[in-house]
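Participant: Got a structure here, written out as C-alpha cells. Questions coming.
In the working numbering, the protein residues as written are 224 to 530.
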C-alpha cells in the first residue's frame, strides 16, 4: 500500500465567478513546471496555478470564454470536461514549452482542448489557444465505443493518451500519437486522426470489486510513465459513483506494466506529477471530491520502485 501525505488544499485567491467557492474542487490534471503547479479541473473554464512550496492561494488563467451555469446538472452538461494536462516541449510559438489541456471526448460538447505557452520560469504567458480534437476523437470513439480520455504524457517520440473505461463494459487503453505530428497539430489548433499511431487495450484489475481505470499520467526521464487509476462504481462516463479505491502504477517505455499498488487514502485520484529526486520516484497527487463545496487535496507520496 502506498502511503500518502496531505500537503495542502487547493484554495484560490478569488473564485472563478462571483458566488462560486474560492477553491479548486474537481481537480483532474496536474503538471509541475519549475516552481509552479498547474492544475485543471473538469468543471472549470480556467487553469489554476499554485506555488510549488507553501500554501499561498492559487490564481486562475482563462482557457475558454464564457460562463458556466452554477446549477450542478446544468454545469455538468455545459462544462468542457478537461481531464488531461501535459507538458509539451518547445515549439515555434512557445520557445519554453507549453501546457496542453485535453478534454474527455465523452460527449460532442467535450472535444475542445486548450494550449498555453510558458515562460522560462514555467509560468503561463499570453492567452490560451483552442485545440479542436473532434476528428481524432471521433476515430477513437469508433474503436472504443464511449470515449473518455483522462491522461496524457510525452514519452519519447510519442504523445501517449490514456483512455478510461468506466464499468465492467468499459475499455481502458493506451493511445499513442506521433509526437511531431501532434505538435504540428496543436500549433495550428486541431488534432486529426492522422496523428494516431497505435492503440493498446488494458485490464488494470479491481479494487473493492470494481474495475480500476486510468485517470492520469506523468512521464519519467528514462521513458517510463507513472499512471493513476481509480475504481469508481459507475456504469458510464457521465454519472459519478462511489469510490472503492485508487492506485498508482508504472509502465515501461513500450507500455509494459512494471508496478501497480493501491493508495491508503480512499479518494478519487485524478492527477499525478512524478519526478526522480534523491534516487526515488516522488509523486504529487490531486483528487476530485465530486463535491463543489469541498476543496481538492494536494498529496505527496513515494513509490517503492527503482528510480
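In this text, a Cβ means the ideal position worked out from N, Cα and C, and glycines have one as well.
Assuming residue 372 and residue 386 make a contact with CB atoms under 8 Å, what is their CB distance in whole Å?
Facilitator: Position 149 of the chain shown, counting from 1, holds the residue named residue 372. Position 163 of the chain shown, counting from 1, holds the residue named residue 386. Sure, about 6 Å apart at Cβ, within 8 Å.
Participant: On the three-state DSSP scale, how would you describe residue 441?
Facilitator: Translated into positions along the chain shown, residue 441 becomes position 218. Strand, per DSSP.
Participant: With distances taken Cα to Cα, identify the nearest neighbour of residue 491 among 453, 485, 505.
Facilitator: Here the question's residue 491 lines up with position 268 in the chain shown. Answer by Cα proximity: 453.
Participant: Pair every Cβ in the stretch 318-325 with every Cβ in the stretch 338-347, then say whether three or more of these pairs are closer than 8 Å.
Facilitator: The answer is yes - the stretch 338-347 touches the stretch 318-325, with three or more Cβ pairs under 8 Å.
Participant: Give me the Cα-Cα distance between residue 533 and residue 394, rounded to the nearest whole angstrom.
Facilitator: With the chain covering 224 to 530 only, the question about residue 533 has no answer from this structure.
Participant: Would you mind reading off the limits of the alpha helix (DSSP H) that contains residue 358?
Facilitator: Taking the chain shown and counting its residues from 1, one reaches residue 358 at position 135. First-last of the alpha helix (DSSP H) with residue 358: 357-367.
Participant: Have a look at residue 307 and residue 380 and give me their C-alpha separation to the nearest angstrom.
Facilitator: The count along the chain shown starts at 1 and reaches residue 307 at position 84. The count along the chain shown starts at 1 and reaches residue 380 at position 157. The straight-line gap from Cα to Cα measures roughly 19 Å.
Participant: Figure out for me which residue from 496, 349, 455, 439 has the closest Cα to the Cα of residue 305.
Facilitator: Along the chain shown, read from residue 1 onward, the residue named residue 305 stands at position 82. That would be 439, whose Cα lies nearest to the Cα of residue 305.
Participant: How is the alpha helix (DSSP H) around residue 299 delimited, first residue to last?
Facilitator: Locating residue 299 in the chain shown gives position 76, where the first residue counts as 1. 295-301 is the extent of the alpha helix (DSSP H) around residue 299.
Participant: CA-CA distance, residue 274 and residue 260?
Facilitator: For this step, residue 274 is matched to residue 51 along the chain shown. For this step, residue 260 is matched to residue 37 along the chain shown. Roughly 6 Å separates the two Cα atoms.
Participant: Consult DSSP for residue 375 and reduce its assignment to one of helix, strand or coil.
Facilitator: Locating residue 375 in the chain shown gives position 152, where the first residue counts as 1. Note: residue 375 maps to strand in three-state DSSP.
Participant: What did DSSP end up calling residue 407 once you bin it into helix, strand or coil?
Facilitator: What you label residue 407 is simply residue 184 of the chain shown in a count that begins at 1. Note: residue 407 maps to helix in three-state DSSP.
Participant: Leaving out the 5 sequence neighbours to the left and right, which residues in its chain are closer than 7 Å to residue 446 when beta-carbon positions are compared?
Facilitator: Here residue 446 is taken as the residue at index 223 of the chain shown, counted from 1. Excluding positions up to five away in sequence, the list reads 378, 379, 476.
Participant: Answer yes or no: do residue 255 and residue 496 have a C-beta to C-beta separation smaller than 8 Å?
Facilitator: Mapped onto the chain shown, residue 255 falls at position 32. Mapped onto the chain shown, residue 496 falls at position 273. Going by C-beta atoms, residue 255 is nearer than 8 Å to residue 496.
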